[in-house]
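Here's the structure, in structure tokens; my notes come after.
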Ligand code: GDP
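If you want it as structure tokens, here you go:
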């Protein structure tokens, strides 16, 4: 199931519940099963889904829902309660329980970006740099993607437009060497946010993860950010987990949230990396970038 459908399934389940004349254990269970199916198909971990079911059942206190004398009153009370419980559970799923590393202005931080090709990684590196530059930081961009022809030109073009210093090479084929040279140079220049863009490839493959491991080992990033396309399907969990197994992913950025995607894959990415979503990409332009806010995100997910 496409993740775009996740929100639709949840909304449908809630609607079915709202339409029911009596909300009893059976109706609630059906609704929760439907939502759980949608979450599982979106690769959210089984345990998280099971916990959500248990929590919601506890919260709505089924005794109160037993078809009683005053059905209308019970339905009216129960509906917002159900929705709120589901809303809260989804919010909780997006909270890994600890904040990500936060760079400090004036103090050098190395931030490494990882993600598959096409996820929006290079665009997001510039957006992240530009966002901080506007707040008075001194960011710098390094293109350690020697795999994709044109990667350096793309980064160079973006960086030039935003007036952000950049480093890369047309000749050098070793991404580790470029990354290390870039980090050294920008440390000397007292940049406080040194951003390393890496290669992506089309699919998850061993060589890519080995390269990520080497770049990370050589540059010792303070934070590794996993960039994912908000519209990817079931692949979200595996993809995020695969990166997490080779490098210490500490934050997630979900791109292309300006499209139809509900971004349900973010739940999977948070589960797989145990890291929070920190920003979302909302367009192709440099300033189409927002700090992640869990409540509006979940509202959108619920449709
Ligand atoms: P990379 O291969 O992961 O480095 O991906 P790119 O940065 O080259 O982005 C791939 C495509 O996605 C480009 O056409 C970008 O303009 C586009 N893109 C990136 N982020 C967003 C976003 O938030 N919204 C939209 N609509 N497009 C985006």
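Numbering (my numbering), first residue to last: 3 to 305.
Heads up, the beta-carbon is just placed ideally off N, CA and C, and yes, glycines get one too.
If you're wondering where the values come from, they're calculated on a predicted model, not measured in any experiment.
DSSP three-state call for residue 56: helix, strand or coil?
For the purposes of this step, residue 56 is identified with residue 54 of the chain shown, where counting begins at 1. Three-state DSSP puts residue 56 in a helix.
With 16 other CB atoms within 10 Å as the buried threshold, where does residue 276 fall?
The residue you call residue 276 lines up with position 274 of the chain shown. With fewer than 16 other Cβ atoms within 10 Å, it is exposed.
Per DSSP, which one or two residues make a beta bridge with residue 292?
The residue you call residue 292 lines up with position 290 of the chain shown. DSSP, once it has assigned bridges, lists 282 as partnering residue 292.
Would residue 161 and residue 125 be called neighbours here (beta carbons separated by less than 9 Å)?
Taking the chain shown and counting its residues from 1, the one referred to as residue 161 is at position 159. Taking the chain shown and counting its residues from 1, the one referred to as residue 125 is at position 123. Not in contact: residue 161 and residue 125 (Cβ atoms no closer than 9 Å).
Would you tell me roughly how many angstroms separate the C-alpha atoms of residue 228 and residue 175, rounded to the nearest one?
Taking the first residue of the chain shown as position 1, residue 228 is located at position 226. Taking the first residue of the chain shown as position 1, residue 175 is located at position 173. Cα to Cα, the separation comes out at about 23 Å.
Tell me, please, which residues DSSP counts as bridged to residue 141.
Along the chain shown, one-based indexing puts residue 141 at 139. In DSSP, residue 141 forms a bridge with 195.
Could you pull out every residue in the same chain whose Cβ sits closer than 6 Å to the Cβ of residue 260, ignoring the five residues on either side in sequence?
For the purposes of this step, residue 260 is taken as the residue at position 258 of the chain shown. The residues are 284 and 285.
Taking only runs that begin and end inside the segment 183-259, name each unbroken beta strand (DSSP E) of 3 or more residues, in chain order.
If we require 3 residues or more, the beta strand (DSSP E) runs fully inside the segment 183-259 come out as 195-200, 225-231 and 251-257.
With distances taken Cα to Cα, identify the nearest neighbour of residue 234 among 41, 188 and 268.
As a working note, residue 234 is residue 232 in the chain shown. It is 268.
At a threshold of 8 Å, does residue 268 count as lining the ligand GDP (C-beta to nearest heavy atom)?
Here residue 268 refers to the residue found at position 266 when the chain shown is read from its first residue. Residue 268: no, Cβ never under 8 Å from the ligand GDP.
Secondary structure at residue 168, three-state DSSP: helix, strand or coil?
As a working mapping, residue 168 is identified with position 166 in the chain shown. If DSSP states are grouped into helix, strand and coil, residue 168 belongs with the strands.
Please tell me whether, using a cut-off of 8 Å, the distance from the CB of residue 175 to the nearest non-hydrogen atom of the ligand GDP is below it.
For this step, residue 175 is matched to residue 173 along the chain shown. Residue 175: no, Cβ never under 8 Å from the ligand GDP.
Counting along the chain, where does the alpha helix (DSSP H) carrying residue 270 start and finish?
Here residue 270 is taken as the residue at index 268 of the chain shown, counted from 1. Here the alpha helix (DSSP H) through residue 270 covers 267-275.
Taking the alpha carbon of residue 279 as the reference point, which residue from 164, 27 and 102 has its own alpha carbon closest?
The residue labelled residue 279 in the question sits at position 277 within the chain shown. Taking only the C-alpha atoms, the option nearest residue 279 is 102.
In this structure, how does DSSP classify residue 72 when only helix, strand and coil are distinguished?
Counting from 1 along the chain shown, the entry for residue 72 is found at position 70. Low confidence applies to residue 72: its pLDDT is 48, below 50, so where it sits in the model is not reliable, and the reading given next is rough at best. Looking at residue 72 - three-state DSSP - the assignment turns out to be coil, as it is neither helix nor strand.
Quick one: give me the first and last residue of the alpha helix (DSSP H) that residue 124 is part of.
Translated into positions along the chain shown, residue 124 becomes position 122. First-last of the alpha helix (DSSP H) with residue 124: 123-136.
Among 200, 164 and 191, which one has its Cα closest to the Cα of residue 180?
One-based indexing of the chain shown puts residue 180 at position 178. If we check each option's Cα against that of residue 180, 200 comes out closest.
Relative to the ligand GDP, is the shortest distance from any of its heavy atoms to the C-beta of residue 153 smaller than 8 Å?
Working through the chain shown from its first residue, we reach residue 153 at position 151. Yes, the Cβ of residue 153 comes within 8 Å of a heavy atom of the ligand GDP.
In the DSSP assignment, what are the bridge partners of residue 146?
Here the question's residue 146 lines up with position 144 in the chain shown. 200, per the DSSP bridge assignment.
Taking 8 Å as the line, does the beta carbon of residue 288 fall inside it for any heavy atom of the ligand GDP?
Translated into positions along the chain shown, residue 288 becomes position 286. Residue 288: no, Cβ never under 8 Å from the ligand GDP.
Does DSSP put residue 175 in a helix, in a strand, or in coil?
For the purposes of this step, residue 175 is taken as the residue at position 173 of the chain shown. Here residue 175 sits in coil by DSSP.
Would you mind reading off the limits of the beta strand (DSSP E) that contains residue 103?
Residue numbering aside, residue 103 sits at position 101 when the chain shown is read from its first letter. Taken as a continuous stretch (DSSP letters only), residue 103 belongs to no beta strand (DSSP E), as it is neither H nor E.
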